[in-house]
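FYI, in UniProt numbering the residues of the sequence shown are 1 to 886.
Glycine included, every Cβ here is placed at the ideal spot set by N, Cα and C.
Let me begin by presenting the structure, written as structure tokens, before commenting on it.
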Amino acid sequence: MPLRTPSVTPSQISSVRHATPAASIHFVPNQRNGFEAQDDDFLEQVIMAIDIKEKGKVGCAYYIAGEERLLCMEEVTDGGTEIVEKLKLDLQPSTVILSPRSDAAVDNANDRLRRNLSLVDGDETHLPLPYQVEIRPTPEFHYDAALDKLVGLCSFAEDTATELLIPGESMMYEEDLQQPEELGLTKRRGKLMQISAWLDVENKVSISCAGAIISYLQRRQSTVHLPGDPNANQAFRVARLEMFSLKATMLVNTDTLVSLQIIQPESHPNGMNQGPSTSGAKGSHSLYGLFHQHTKSPQGKVYLRQAFLRPSLDIDHINTRLDFVSVFVRPENQTVRDKLSESLGRIKNMRNTITLLHKGIDSGNAKQTDTLGEALHAELLPLCVRAASVLDRNSLKRIGRTVDDIVDRESSMDQHRTVVKSGINEELDGFKEVYDSMGNLLVDKAREIQILTPSELNLEINVTYIPHMGFHVTIPRDRITGQAVFDGQSLGWQLMFTTPSQAYFKDETTSGLDSELGDLYSAICEMEVEIAYDLAQRVLQDEELLIAASDLCGELDCLLAFSQVAFHCKLTRPTITEENIIKIRGGRHLLQEMAVPSFVANDTYLVGGNGQEERDGPSMLLLTGPNYSGKSVYQKQVALAVYMAQIGSFLPADAATIGITDKILTRIITRETVSKVQSAFMIDMQQIAMALNSCTRRSLVVVDEFGKGTDTSDGAGLAAGVFHHLLSLGANSPKILVATHFHEIFDLGLFDDAQNLSLAHMEVLVEARDEPNAGEDNTEITYLYNLRPGRSDLSYGTQCAAMNGVPAGVVDRAVELARLAQKGEDLIAICSALTEDAKEEVEHAQSSAQMFVDQDFDRDWTRDELALVLDAMLLAAPSAKTSLSG
């Protein structure tokens, strides 16, 4: 627990000066400053580097500053910009380092401004954190140079006493080793072998990205520390190397997360408060927001965000989470569940607060094992077994006692520094005893000095102690002249500095105190820093235990949130299978049913391709039917069920069997923005192109009203082409949910012979109105929201328009034109026909024109006669014409 020694300013001195004629003044300033805040900001950063090689091979590495970890990804072949977007979404970097090649690839797929968009960042009050982009030259991404930089990470070489010396390359890499150089030996190969224990160095693209990150950290290091600074190696260092992989993660892009309302950032209503933050963002009305409110600890919120952003493809991993929820969702375990959640709210995230060990160790940690043991049938859960071993009560209590025996928590909180209890160090106790009794000593010294001053001045003299500056005599300053009322020159005083109200002097007495007692407060702080450092080293011997316990508490908090939602929302455990199937009985939309008085459940049955010709169910469900009948909600609830199953959550359904799905690809909503120089239809085309190019037979493709943004004929043709292509994939067909209003595509007979197509519609009840003045539209529509087999070619768009407040005249005209169109009438001729009012205007104009032609303008007209005739023309009527002709 390294601490900084205090500093004090003259303004601070004057503000706390004692008011009595002779007194002691002790200054204990606040230890926190701007540097600490800057360090905290960097600890929250995630630095990511990405490179794309030929044939779409994507490599990635990222560095977590707070954990000093550098992670390299298992390279993804046949990838591309969709993998890049997935990585940025998963890792939520603060800085992205790109090679010129990967930057060009990203620019070809997205507008450059889009790189500053970030969706999920777990803060509760702010928008997501935008990231900075650095384009670094290609040499920084060279593979051999990256290996050299990894070799230079000396922390890994110090982990073992064994060194492997191999002939060659000594002059290039071993300039600091005298004897190996003389023998022509090098340790480079040996270090590479050590690195291979953490990283797969055959992942050349990802290793190259790691080299780019190390270069970035070295540049940051050089800007903070001077050359030769012994502390330079401790800043921006890499303490651990790891590999990570996306192979077991479902691919869900930003469009899907937003379309399905899985994660939607909530912006502040005040635009001035919309800005970056260092945590995640909560979802407003979203699936993530529903679960987020049930997490209690910081690490639990982090684990929940990772679970939502990385749905698993591992059945065993999914079932492990489902097993946990199955136990804690039981009513008899409600008390235990609530007790665990409450205790987890007191657990700190040790990854972020490891330097503040006394705050990171809470009595709640040691109670988690006992509480877990109280849950019925929980003893065999893998998480509970791990908790019993990781949350070692004896070890955690030992660490807690070690800190409590040394650290005075109350005094530490008051003084904003680590204060050591008495009885730990005799010399420190002696210093503190003198320091605490200094008040009486300073009062006595002030009285001795006052005796030496002229009595007629009646001076107010204090002797003060200021850390780092020593002992001083204080004399008030004259309010008019600003000079000290007594300068002490006759007594040999020396003016040191002044404040607005006091002058500070050194004399023989205060100099003697400096020599005799020294800088007591600084000495106390230095000794406590040394003791705190030794304590930190002792506790850090159990760092892995503390971090493991903290991480386990985060996982426990996340799964308890799953259990809370499952209990309160009456969710059901799904069956996870390798079979490529979606079978749901009584499925519901979890968010929609929270917003309506009642929700109508529906079934789903889809079977994706199995790589063979045989199939026992439809791969495509094509929905038709009226507007406002619930088609979009149904599509979303099916996709959400698949998503929730693969994050390990229960589902809103009576029963469900979910086959592992590798991707959820959607074309549901159009996310328009001024940062994209693209039309809404162009964005729709990009979404459908991504779905068609990326889908596999294990994917789920959801398409809602595709083609509506262009000419009707073109839109219908595009929709029919997309549906036909997906159906033609046969044994490699994904699971597909589509909805359309293009009924004309069925008239072409394209889907008459499709074996893997199921047609369905949402049921409505149509009744005739009894009112005689119902007008052209004499039907009443009741939406039943039941999924029924077969196709419906009715839209009831005019009824939907009337329900949403469109003026009655507009609706009646639309109904009239629709009926005429159904009869085959020429709508152009009908729309060009004149109304009765228009006919009257034409007749009026014709009468005026005829009157003008009939007039004899050759004769002489008086001014009044001409005005009378012109007025009659403007007010032309058959009667007026007759009167004028006479």
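Check                                                                                                                     : Outcome
Selection from S208, V205, R237 and C209 that minimises the alpha carbon distance to residue 887                          : Residue 887 lies beyond the range of the chain shown here (1 to 886); nothing can be said about it.
L57 and E75 closer than 8 Å at C-beta                                                                                     : The sequence given here places Lys at residue 57; Leu does not occur at that position. It is a contact, given that the beta carbons lie within the stated cut-off.
Rounded Cβ spacing between A446 and N462 (contact assumed at less than 8 Å)                                               : 6 Å
C-alpha gap between D51 and T223, whole angstroms                                                                         : 26 Å
CB contact flag (L759, P789, <8 Å)                                                                                        : yes
Coarse secondary structure for T418, derived from DSSP in three states                                                    : coil
Unbroken stretches of the alpha helix (DSSP H), 4 residues or longer, contained in the segment 721–770                    : none
Cα-Cα separation between Q132 and R697, rounded to whole angstroms                                                        : 37 Å
Proximal residues to S632 (C-beta, below 6 Å), its chain only, five neighbours per side dropped                           : D704
Nearest-angstrom Cα separation, counted from L241 out to V638                                                             : 40 Å
C-alpha distance - F706 paired with H743, whole-angstrom precision                                                        : 13 Å
The segment 247–256 contacting the segment 310–323, beta-carbon criterion three pairs below 8 Å                           : yes
Whether F650 touches T572 by CB criterion (8 Å)                                                                           : yes
Where the alpha helix (DSSP H) through F328 begins and ends                                                               : I315 to F328
Proximity below 8 Å, CB of S326 to CB of D557                                                                             : no
Which of helix, strand or coil DSSP assigns to R859                                                                       : coil
Extent of the continuous beta strand (DSSP E) to which L91 belongs                                                        : No beta strand (DSSP E) holds L91; the alpha helix (DSSP H) holding it covers T81 to L91.
CA-to-CA distance, T254 to K339, given in whole angstroms                                                                 : 36 Å
The alpha helix (DSSP H) enclosing T335, as first and last residue numbers                                                : Q334 to L344
Assigned exposure category for E374 - 16 Cβ within 10 Å defines buried                                                    : Note on E374: pLDDT 47, under 50, position unreliable in the model; the coordinate value appears next. Exposed: under 16 other Cβ atoms inside 10 Å.
Completely contained beta strand (DSSP E) runs for the segment 441–501, where each covers 3 or more residues              : 462–466, 470–476 and 494–498
Where D51 falls: helix, strand or coil (DSSP)                                                                             : strand
Counted within 10 angstroms of its Cβ, other Cβ atoms place Q194 as buried (16 or more) or exposed                        : buried
Contact check, A719 vs T740, beta carbons under 8 Å                                                                       : yes
Stretch-stretch touch, CB-based, cutoff 8 Å, three pairs: the segment 431–441 with the segment 530–545                    : no
Nearest-angstrom Cα separation, counted from A833 out to Q846                                                             : 18 Å
A601, DSSP secondary structure in three states                                                                            : coil
Span of the beta strand (DSSP E), counted from its first residue to its last, around Q45                                  : From DSSP, Q45 is part of no beta strand (DSSP E); its letter is neither H nor E.
Reduced DSSP category for E593 - H, G, I as helix; E, B as strand; rest coil                                              : helix
Proximity below 8 Å, CB of I581 to CB of T666                                                                             : no
Status (buried if at least 16 other CB within 10 Å, exposed otherwise) for S629                                           : buried
Residue environment, V419, which counts as buried when at least 16 other CB atoms sit within 10 Å                         : buried
Exposure of M682, with buried meaning 16 or more beta-carbon neighbours within 10 Å                                       : exposed
Chain-order list of residues whose beta-carbon lies under 6 Å from that of G59 (same chain, five-residue window excluded) : D51, E75, V205, S206 and C209
Pair within 8 Å by beta-carbon distance, I97 and I214                                                                     : no
Inter-residue spacing [alpha-carbon to alpha-carbon] between I736 and M620                                                : 5 Å
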